[in-house]
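In this text, residue positions in the sequence shown follow the working numbering: the first is 221, and each later residue adds one.
As structure tokens, the structure follows; a few thoughts come after it.
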Amino acid sequence: MAGEDQAAVHAHAHANHLVGGHWLREKTGAPLVIGARIGDVQRVFAPRFAMDDLATDGRQFDKLLEEGATLPLGNLTIRVLHTPGHTPACVTYLIGDAAFVGDTLLMPDYGSARCDFPGGDAAMLHASIQKILALPP
């Protein structure tokens, strides 16, 4: 069973980031967490893939995270920043002096994430990148 400081955290909801989450929850009991705007993503993709039975309120996850939410991680605390643009539900996880940005910001040589997926938004992505770059070094 998962301890109080275990969770399978998702930075956003694309298949390559989600495929193992439910398996991890089944094997370890770790809850699945994701940005609170996951329902926005689900409402875009459900009709595109004729997923009429998909609940579009995020109930597939155990915890939906808003800006400023925190999660325990041993002696550390994970802080959540809402960083939309790649998807409406993107979040960045701040742990100690590190920022885990998902696909919001890619390697410096390659630039930012794509914003041409359904629900993506270039202006929101730019604002999110500025938010990340404004963090302390």
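Note that CB positions come from ideal geometry on N, CA and C, so glycine has one too.
Candidates the options: closest to residue i by CA position
| i | options | result |
| --- | --- | --- |
| LEU296 | GLY305, LEU314, GLN280 and PHE320 | LEU314 |
| HIS232 | MET271, LEU244, GLY340 and GLY294 | GLY340 |
| SER348 | PRO338, ASP323 and PHE337 | ASP323 |
| ARG279 | THR290, ARG299 and ARG263 | ARG263 |
| GLU230 | ASP317, THR276, ASP336 and LYS283 | Sequence inspection shows His at residue 230; the Glu mentioned does not correspond to that position. Here the closest residue by C-alpha is LYS283. |
Sub-8 angstroms separation of residue i and residue j beta-carbons
| i | j | result |
| --- | --- | --- |
| LYS351 | LEU301 | yes |
| GLY259 | LEU252 | no |
| ALA309 | ILE254 | yes |
| LEU353 | VAL311 | no |
| MET344 | PRO304 | yes |
| LEU356 | ARG268 | The residue you asked about is not Leu; residue 356 is Pro in the sequence shown. In this structure, ARG268 does not lie closer than 8 angstroms to PRO356 by Cβ. |
| GLN226 | ALA256 | no |
| ALA318 | LEU325 | no |
Backbone secondary structure at residue i - three-state DSSP
| i | result |
| --- | --- |
| PHE265 | helix |
| ALA318 | strand |
| LEU301 | strand |
| GLY255 | strand |
| THR324 | coil |
| THR312 | strand |
| THR276 | coil |
| ALA228 | strand |
| THR307 | coil |
| LEU345 | helix |
| LEU244 | helix |
| LEU355 | coil |
Beta-carbon separation (whole angstroms), residue i vs residue j, contact threshold 8 angstroms
| i | j | result |
| --- | --- | --- |
| ILE298 | THR307 | Contact doesn't hold; Cβ gap of about 19 angstroms is too wide. |
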